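Have a look at the structure below, then the notes.
In the working numbering, the protein residues as written are -1 to 184.
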(Lines of atoms letter the chains of each structure in order from A and count residues from 1; the text may use other names and numbers.)
(Lines give C-alpha, C1' and ligand atoms only; values in the text may rest on other atoms or scores of the structure.)
Protein backbone atom coordinates (compact mmCIF):
# COMPACT_ATOMS: atom_id res chain seq x y z
CA UNK A 1 0.00 0.00 0.00
CA UNK A 2 2.88 2.35 0.73
CA UNK A 3 4.16 2.06 -2.83
CA UNK A 4 0.68 2.84 -4.17
CA UNK A 5 0.43 5.94 -2.02
CA UNK A 6 3.97 7.00 -2.92
CA UNK A 7 3.23 6.64 -6.63
CA UNK A 8 0.03 8.63 -6.21
CA UNK A 9 1.31 11.32 -3.85
CA UNK A 10 -0.12 14.00 -6.16
CA UNK A 11 -3.67 12.65 -5.64
CA UNK A 12 -3.13 12.82 -1.89
CA UNK A 13 -1.94 16.42 -2.34
CA UNK A 14 -5.04 17.27 -4.41
CA UNK A 15 -7.28 15.83 -1.70
CA UNK A 16 -5.47 17.88 0.95
CA UNK A 17 -5.61 21.09 -1.09
CA UNK A 18 -9.35 20.74 -1.75
CA UNK A 19 -9.91 20.03 1.94
CA UNK A 20 -8.03 23.20 2.94
CA UNK A 21 -9.92 25.33 0.39
CA UNK A 22 -13.23 23.90 1.58
CA UNK A 23 -12.31 24.58 5.22
CA UNK A 24 -11.11 28.13 4.56
CA UNK A 25 -14.29 29.02 2.71
CA UNK A 26 -16.38 27.66 5.58
CA UNK A 27 -14.40 29.60 8.23
CA UNK A 28 -14.12 32.93 6.44
CA UNK A 29 -17.78 33.04 5.34
CA UNK A 30 -19.61 31.66 8.38
CA UNK A 31 -22.81 33.50 7.50
CA UNK A 32 -23.13 31.36 4.38
CA UNK A 33 -26.62 30.01 3.90
CA UNK A 34 -27.44 26.38 4.47
CA UNK A 35 -28.12 25.97 0.77
CA UNK A 36 -24.61 27.20 -0.07
CA UNK A 37 -23.13 24.85 2.55
CA UNK A 38 -24.99 21.92 1.04
CA UNK A 39 -23.71 22.76 -2.45
CA UNK A 40 -20.16 23.38 -1.20
CA UNK A 41 -20.11 20.12 0.76
CA UNK A 42 -21.62 18.23 -2.18
CA UNK A 43 -18.97 19.47 -4.61
CA UNK A 44 -16.17 18.77 -2.14
CA UNK A 45 -17.42 15.25 -1.35
CA UNK A 46 -17.77 14.39 -5.07
CA UNK A 47 -14.22 15.60 -5.87
CA UNK A 48 -12.77 13.86 -2.80
CA UNK A 49 -14.66 10.68 -3.66
CA UNK A 50 -13.49 10.70 -7.27
CA UNK A 51 -9.86 11.10 -6.19
CA UNK A 52 -10.22 8.20 -3.75
CA UNK A 53 -11.79 6.02 -6.48
CA UNK A 54 -8.97 7.00 -8.88
CA UNK A 55 -6.38 6.00 -6.29
CA UNK A 56 -8.15 2.69 -5.66
CA UNK A 57 -8.57 1.95 -9.37
CA UNK A 58 -4.81 2.13 -9.86
CA UNK A 59 -4.34 -0.66 -7.37
CA UNK A 60 -4.32 -4.28 -8.51
CA UNK A 61 -5.35 -5.80 -5.16
CA UNK A 62 -6.87 -4.68 -1.89
CA UNK A 63 -8.49 -1.61 -3.39
CA UNK A 64 -11.70 -2.07 -1.44
CA UNK A 65 -11.17 0.55 1.30
CA UNK A 66 -10.23 3.34 -1.11
CA UNK A 67 -13.00 2.54 -3.58
CA UNK A 68 -15.56 2.24 -0.75
CA UNK A 69 -14.45 5.59 0.72
CA UNK A 70 -14.66 7.14 -2.75
CA UNK A 71 -18.09 5.76 -3.53
CA UNK A 72 -19.37 6.92 -0.13
CA UNK A 73 -18.02 10.41 -0.82
CA UNK A 74 -19.53 10.60 -4.30
CA UNK A 75 -22.91 9.33 -3.07
CA UNK A 76 -22.93 11.77 -0.12
CA UNK A 77 -21.98 14.61 -2.45
CA UNK A 78 -24.61 13.76 -5.06
CA UNK A 79 -27.33 13.50 -2.41
CA UNK A 80 -26.36 16.97 -1.16
CA UNK A 81 -26.29 18.41 -4.70
CA UNK A 82 -29.57 16.89 -5.90
CA UNK A 83 -31.53 17.61 -2.69
CA UNK A 84 -30.10 20.95 -1.54
CA UNK A 85 -33.19 21.79 0.47
CA UNK A 86 -32.60 19.07 3.06
CA UNK A 87 -32.86 20.20 6.66
CA UNK A 88 -29.88 21.34 8.71
CA UNK A 89 -30.24 18.35 10.99
CA UNK A 90 -30.24 15.87 8.09
CA UNK A 91 -27.16 17.57 6.65
CA UNK A 92 -25.48 17.49 10.04
CA UNK A 93 -26.03 13.73 10.35
CA UNK A 94 -24.91 13.13 6.76
CA UNK A 95 -21.68 15.07 7.29
CA UNK A 96 -21.07 13.53 10.72
CA UNK A 97 -21.42 9.95 9.47
CA UNK A 98 -19.35 10.73 6.36
CA UNK A 99 -16.56 12.27 8.50
CA UNK A 100 -16.51 9.28 10.87
CA UNK A 101 -16.39 6.71 8.05
CA UNK A 102 -13.76 8.60 6.02
CA UNK A 103 -11.75 9.27 9.19
CA UNK A 104 -11.89 5.60 10.16
CA UNK A 105 -10.76 4.68 6.64
CA UNK A 106 -7.75 6.98 7.00
CA UNK A 107 -6.93 5.42 10.37
CA UNK A 108 -7.12 1.91 8.87
CA UNK A 109 -4.93 3.06 5.95
CA UNK A 110 -2.44 4.54 8.42
CA UNK A 111 -2.14 1.30 10.35
CA UNK A 112 -1.56 -0.47 7.03
CA UNK A 113 1.58 1.59 6.41
CA UNK A 114 4.33 -0.35 8.13
CA UNK A 115 7.40 0.89 6.24
CA UNK A 116 6.95 4.61 6.90
CA UNK A 117 6.21 5.23 10.57
CA UNK A 118 6.09 9.04 10.16
CA UNK A 119 3.64 8.95 7.28
CA UNK A 120 1.67 6.31 9.13
CA UNK A 121 1.00 8.65 12.03
CA UNK A 122 0.04 11.51 9.71
CA UNK A 123 -2.67 9.31 8.19
CA UNK A 124 -3.84 8.23 11.64
CA UNK A 125 -3.94 11.79 12.99
CA UNK A 126 -5.83 13.07 9.93
CA UNK A 127 -8.29 10.20 10.36
CA UNK A 128 -8.72 11.01 14.04
CA UNK A 129 -9.52 14.62 13.09
CA UNK A 130 -12.35 13.35 10.87
CA UNK A 131 -13.70 10.98 13.53
CA UNK A 132 -13.60 13.75 16.18
CA UNK A 133 -15.47 16.09 13.82
CA UNK A 134 -18.18 13.50 13.26
CA UNK A 135 -18.57 12.73 16.95
CA UNK A 136 -18.74 16.42 17.88
CA UNK A 137 -21.42 17.03 15.26
CA UNK A 138 -23.49 14.09 16.53
CA UNK A 139 -23.08 15.18 20.17
CA UNK A 140 -24.12 18.82 19.54
CA UNK A 141 -26.95 18.73 16.96
CA UNK A 142 -28.66 21.79 18.44
CA UNK A 143 -25.86 24.11 17.33
CA UNK A 144 -26.81 26.47 14.55
CA UNK A 145 -25.77 26.38 10.92
CA UNK A 146 -23.04 28.98 11.46
CA UNK A 147 -21.43 26.91 14.21
CA UNK A 148 -21.63 23.89 11.93
CA UNK A 149 -19.92 25.77 9.12
CA UNK A 150 -17.12 27.09 11.34
CA UNK A 151 -16.56 23.74 13.05
CA UNK A 152 -16.41 21.89 9.76
CA UNK A 153 -14.12 24.57 8.38
CA UNK A 154 -11.55 24.35 11.16
CA UNK A 155 -11.48 20.57 11.12
CA UNK A 156 -11.25 20.51 7.32
CA UNK A 157 -8.28 22.90 7.41
CA UNK A 158 -6.50 20.73 10.01
CA UNK A 159 -7.35 17.55 8.11
CA UNK A 160 -6.24 19.14 4.85
CA UNK A 161 -2.88 20.26 6.25
CA UNK A 162 -2.16 16.79 7.60
CA UNK A 163 -3.09 15.35 4.20
CA UNK A 164 -0.78 17.82 2.41
CA UNK A 165 2.05 17.00 4.85
CA UNK A 166 1.44 13.32 4.13
CA UNK A 167 1.64 13.99 0.36
CA UNK A 168 4.98 15.75 0.83
CA UNK A 169 6.33 12.76 2.78
CA UNK A 170 4.97 10.40 0.13
CA UNK A 171 6.65 12.40 -2.63
CA UNK A 172 9.96 12.19 -0.78
CA UNK A 173 9.44 8.46 -0.26
CA UNK A 174 8.56 7.98 -3.96
CA UNK A 175 11.87 9.61 -4.94
CA UNK A 176 13.76 7.36 -2.50
CA UNK A 177 12.01 4.21 -3.73
CA UNK A 178 12.54 5.22 -7.34
CA UNK A 179 16.24 5.85 -6.74
CA UNK A 180 16.62 2.45 -5.05
CA UNK A 181 14.45 0.70 -7.64
CA UNK A 182 12.10 -0.55 -4.87
CA UNK A 183 8.85 0.19 -6.71
CA UNK A 184 6.97 -2.97 -7.47
CA UNK A 185 4.31 -3.26 -10.17
CA UNK A 186 1.00 -2.47 -8.61
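Note that the Cβ used here is the ideal one computed from N, Cα and C, for glycine as well.
Computed from a predicted structure; not experimentally measured.
Backbone CA spacing between residue i and residue j [nearest angstrom]
i, j, result
"residue 129", "residue 75", "18 Å"
"residue 155", "residue 21", "5 Å"
"residue 43", "residue 18", "13 Å"
"residue 5", "residue 81", "37 Å"
"residue 159", "residue 55", "25 Å"
"residue 9", "residue 137", "32 Å"
"residue 45", "residue 72", "7 Å"
"residue 98", "residue 152", "16 Å"
"residue 66", "residue 178", "32 Å"
"residue 173", "residue 145", "42 Å"
"residue 118", "residue 41", "28 Å"
"residue 28", "residue 175", "44 Å"
"residue 47", "residue 100", "10 Å"
"residue 95", "residue 113", "30 Å"
"residue 14", "residue 77", "23 Å"
"residue 131", "residue 157", "10 Å"
"residue 57", "residue 170", "20 Å"
"residue 16", "residue 23", "11 Å"
"residue 126", "residue 1", "23 Å"
"residue 133", "residue 93", "10 Å"
Option nearest residue i by Cα separation, candidates the options
i, options, result
"residue 164", "174, 134, 122", "122"
"residue 89", "106, 35, 131, 46", "35"
"residue 103", "62, 57, 8", "62"
"residue 7", "24, 52, 39, 27", "52"
"residue 147", "168, 11, 15, 38", "38"
"residue 69", "28, 94, 50", "50"
"residue 124", "3, 109, 15, 105", "105"
"residue 108", "64, 40, 131", "64"
"residue 111", "92, 25, 167", "167"
"residue 139", "162, 91, 3, 0", "91"
"residue 135", "87, 11, 161", "87"
"residue 149", "25, 11, 79", "25"
"residue 3", "126, 120, 127", "120"
"residue 33", "161, 126, 79", "79"
Helix, strand or coil at residue i according to DSSP, with G and I counted as helix
i, result
"residue 179", "coil"
"residue 27", "coil"
"residue 7", "helix"
Minimum length 4: unbroken alpha helix (DSSP H) runs contained in the stretch 90 to 166
If only uninterrupted alpha helix (DSSP H) runs of at least 4 residues are considered, those enclosed by the stretch 90 to 166 are 115 to 137.
Give the list of continuous beta strand (DSSP E) stretches no shorter than 3 residues that lie fully inside the stretch 37 to 71.
Within the stretch 37 to 71, no run of beta strand (DSSP E) reaches 3 residues while sitting entirely inside it.
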